[in-house]
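For the sequence shown, the working numbering assigns the number 87 to the initial residue and increments by one for each residue that follows.
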Amino acid sequence: MKSAAERLAFLVRRDHTLGNIMERLAAIHGHRPLVEEHRGRGTDDGLSLTHRQAAKRIARWAGGVAAKTTPGDVVVVATPNGYQQLLLCLAVARAGAIPAPVNDAMRAEEIDHVVADSGATFVLRSAHEVDGHEPLAKSVSAAGHDVAALFYTSGTTGKPKGAALTHDALVGALRGTAVYPNLIRHDEAVVSLPVAHIMGFVTLLGMAGAGIETYFLRRFDATAVLDAIETRRASIFIGVPAMYRFLLDAGAADRDLGSIRLWASGADVMPPELAREFKRFGASARVPGIGDVGQAIFAEGYGMVETGGGVAAKISPPYLPMGLGDSVGFAIPGYRMRVVDDDGSDAGVGETGELLVKGPGVLRGYWGDEDATKAVLDDDGWLRTGDLAKKGPFNSVMFAGRKKDVIKRGGFSVYAVEVEAVLEEHPAVVEAAVVGRPDDRLGEVPVAAVRLADGYDLVEADLDAWIREQLSHYKIPVHYIAVDDFPRTGTNKIQRREVAGLF
Numbered sequence: 087m088k089s090a091a092e093r094l095a096f097l098v099r100r101d102h103t104l105g106n107i108m109e110r111l112a113a114i115h116g117h118r119p120l121v122e123e124h125r126g127r128g129t130d131d132g133l134s135l136t137h138r139q140a141a142k143r144i145a146r147w148a149g150g151v152a153a154k155t156t157p158g159d160v161v162v163v164a165t166p167n168g169y170q171q172l173l174l175c176l177a178v179a180r181a182g183a184i185p186a187p188v189n190d191a192m193r194a195e196e197i198d199h200v201v202a203d204s205g206a207t208f209v210l211r212s213a214h215e216v217d218g219h220e221p222l223a224k225s226v227s228a229a230g231h232d233v234a235a236l237f238y239t240s241g242t243t244g245k246p247k248g249a250a251l252t253h254d255a256l257v258g259a260l261r262g263t264a265v266y267p268n269l270i271r272h273d274e275a276v277v278s279l280p281v282a283h284i285m286g287f288v289t290l291l292g293m294a295g296a297g298i299e300t301y302f303l304r305r306f307d308a309t310a311v312l313d314a315i316e317t318r319r320a321s322i323f324i325g326v327p328a329m330y331r332f333l334l335d336a337g338a339a340d341r342d343l344g345s346i347r348l349w350a351s352g353a354d355v356m357p358p359e360l361a362r363e364f365k366r367f368g369a370s371a372r373v374p375g376i377g378d379v380g381q382a383i384f385a386e387g388y389g390m391v392e393t394g395g396g397v398a399a400k401i402s403p404p405y406l407p408m409g410l411g412d413s414v415g416f417a418i419p420g421y422r423m424r425v426v427d428d429d430g431s432d433a434g435v436g437e438t439g440e441l442l443v444k445g446p447g448v449l450r451g452y453w454g455d456e457d458a459t460k461a462v463l464d465d466d467g468w469l470r471t472g473d474l475a476k477k478g479p480f481n482s483v484m485f486a487g488r489k490k491d492v493i494k495r496g497g498f499s500v501y502a503v504e505v506e507a508v509l510e511e512h513p514a515v516v517e518a519a520v521v522g523r524p525d526d527r528l529g530e531v532p533v534a535a536v537r538l539a540d541g542y543d544l545v546e547a548d549l550d551a552w553i554r555e556q557l558s559h560y561k562i563p564v565h566y567i568a569v570d571d572f573p574r575t576g577t578n579k580i581q582r583r584e585v586a587g588l589f
């Protein structure tokens, strides 16, 4: 374990990259546990690594990547979800290439699009493909503003676009985590998130930077999560709101979760009443001879793929009731937020408009798509989030919903236009409208209204079977209805709010 002075030296360095970060963290945290993967359902192949072991593994795999690529190449990392996917991405970056991780929930056709759109020269599907080579002793040099990784997200055009994120965006914030006080206590975080999702990726990097051991579940299982917290006395849980609902359904109220000091959520709006309940389950202090007492902290982050993770946070400390401030957020240091009206002017306090953000995590642009980049990023670096917010006092904002037609299903983004485009490829479908329907467990679920061609009905069309052949499971509508025509505006646009009222 390194001294405070050496940690401070890490803090002030400005040349951290995705390729060298684990090597440098290993120099600080050494043999401190990095990750232990849950071994459920009879499996015994879960990773169990220290920081130093992970750094050695990355260097070895980087040697294999370097043998198959040249610096600047894009490598699609299409491995199963797991901590190994993160390490492989770091290995790709160490070799000077650009990793583009993809979720293993994606169908083959969706992955093929990412490969074609990114111009990838190599699709990495298993660590075995890059193992057995001489370790790459030194990371290929890169600047902080260089593109470090591509994270693909569907856009308003319906096709996934690659958000090009820089080294500063992905690892710049880790400088501060090195001074986390893990010398005086051992924290462990229970995490079960998709690594190819920006929230999962930056969460795991953040835990590594702070020297907090991660107990990682490759597939979310509410009972297994509760078991892990209870038996391992974990102090942190990080998930999306839908996971908290599943934990409650699985009997969280009847478990001993008093070891948790921090509950954290992101990727979707957290219902205040659910956050309040979990605050009461956790503990903020340990009294000798008594044990854990009090309430936990609840933290909710706001961010998106295009911002490289969180840019604003809402924190409810122990004993502070969550009331009017439940949805008020403040920008994370280094970021700025603006609320603007339709003509781009700054909104006044109490007024609602589109949220704009600026900071080191904002994407360089969409890979190979200059028009899409210009549509969201202005010359001064302000990103149009497409989300609505109400401007509050002291540079705070109150999140007011989404301007884009995005459905948040259990933390995953479902873009209506993408699903509609697939439905309208069916010979029976003339026109489709996909909207979100509130769901107690998942927040929202997609539902679809379709206008059918003459001679077809819903049974004959079998739209569910059609769409399952082409899209990931979380994008599939849970219910379909047929309409003679859609409610429309004066310019013949479909009124989505009116369509939602049909379900």
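Glycine included, each C-beta is placed from N, C-alpha and C at the ideal position.
1. Please look up how many angstroms separate the CB atoms of alanine 590 and valine 151, rounded, as I've assumed it's under 8 Å.
2. Expressed to the nearest angstrom, what Euclidean distance is found between the alpha-carbon atoms of proline 532 and arginine 110?
3. Could you pull out every residue in the same chain whose Cβ sits closer than 6 Å to the Cβ of glutamate 506, ignoring the five residues on either side in sequence?
4. Who are the Cβ neighbours of threonine 309 in its own chain at under 6 Å, not counting the five residues just before and after it?
5. Going by alpha carbons, who is nearest to valine 200 out of His102, Ser351 and Trp453?
6. Hey, out of Asp427, Gly451 and Val311, whose CA is closest to phenylalanine 237's CA?
7. How many Å lie between isoleucine 567 and histidine 512 at the Cα?
8. Terminal residues of the continuous alpha helix (DSSP H) containing glycine 303?
9. From what residue to what residue does the alpha helix (DSSP H) around aspartate 335 run?
10. If I'm right that valine 288 touches glycine 420 with Cβ under 8 Å, what's the distance once you round it to whole angstroms?
11. For tyrosine 169, which beta-bridge partners are listed by DSSP?
12. Leaving aside the five residues before and after lysine 444 along the sequence, list all residues of the same chain whose C-beta is less than 6 Å from its C-beta, in chain order.
13. Using the three-state DSSP reduction, which class does methionine 87 fall into: helix, strand or coil?
14. Is there a Cβ of chain C sitting closer than 8 Å to that of aspartate 203, yes or no?
15. Could you tell me if aspartate 254 is buried or exposed, where buried requires 16 or more neighbouring beta carbons within 10 angstroms of its beta carbon?
16. Going straight from the alpha carbon of glycine 541 to that of aspartate 131, what length do you get?
17. Does alanine 186 come out as helix, strand or coil in the three-state DSSP assignment?
18. Helix, strand or coil, according to DSSP, for glycine 409 in the structure here?
19. Which residues does DSSP pair with glutamate 195 in a beta bridge?
20. Ignore the nearest five residues each way along the sequence and tell me which others in arginine 138's own chain have a CB closer than 7 Å to its CB.
21. Can you tell me the Cα-Cα spacing of aspartate 429 and serine 482, whole angstroms?
22. Quick check: the Cα distance between proline 563 and aspartate 550, rounded to an integer number of angstroms?
23. Where alanine 328 and arginine 93 are concerned, what is the direct C-alpha to C-alpha distance, given to the nearest angstrom?
24. Measure the C-alpha to C-alpha separation of alanine 148 and alanine 228 and round it to an integer number of angstroms.
25. Starting from phenylalanine 498 and walking both ways along the beta strand (DSSP E), at which residues does that stretch end?
26. With distances taken between CB atoms, is the gap from phenylalanine 332 to arginine 527 smaller than 8 Å?
27. Comparing C-alpha positions only, which one of Phe589, Glu437, Ser402 and Glu123 sits nearest to histidine 565?
28. Please classify glutamate 546: is it buried, with 16 or more other beta-carbons within 10 angstroms of its beta-carbon, or exposed?
29. Tell me whether methionine 423 sits in a helix, a strand or coil according to DSSP, three-state version.
30. Could you give the DSSP three-state label for isoleucine 418: helix, strand or coil?
31. Would you call the segment 305-322 in contact with the segment 339-357, where contact means no fewer than 3 C-beta pairs closer than 8 Å?
32. Please report the straight-line C-alpha distance between glycine 297 and glycine 286, rounded to a whole angstrom.
33. Rounded to a whole number of angstroms, what is the C-alpha to C-alpha distance between proline 246 and alanine 514?
34. Is methionine 293 helix, strand or coil when you go by DSSP?
On the basis of the data shown:
1. An answer regarding residue 590 cannot be provided, because it is not within the stretch 87 to 589 covered by the chain.
2. 44 Å
3. Ala518 and Val520
4. Ala336
5. Trp453
6. Gly451
7. 15 Å
8. Sequence inspection shows leucine at residue 303; the glycine mentioned does not correspond to that position. That residue, leucine 303, is in no alpha helix (DSSP H); it is neither H nor E in DSSP.
9. 327-335
10. No, valine 288 and glycine 420 are not in contact; Cβ-Cβ is about 14 Å, not under 8 Å.
11. Tyrosine 169 is not bridged to any residue.
12. Arg422, Gly467 and Trp468
13. Only weak support is given to the placement of methionine 87: the predicted model assigns it a pLDDT of 45, under 50, and the value that follows is read from those uncertain coordinates. DSSP places methionine 87 in coil when its eight states are reduced to three.
14. You won't find chain C in this structure, because it holds only one protein chain.
15. buried
16. 53 Å
17. strand
18. Summary for glycine 409: the model assigns pLDDT 42, below 50, so the residue's position carries little reliability; its value from the coordinates is reported in the next sentence. It is coil, neither helix nor strand.
19. Paired residues: none, contrary to the question.
20. Ala112, Gly116 and His117
21. 21 Å
22. 8 Å
23. 37 Å
24. 15 Å
25. 498-501
26. yes
27. Phe589
28. exposed
29. strand
30. coil
31. yes
32. 17 Å
33. 25 Å
34. helix
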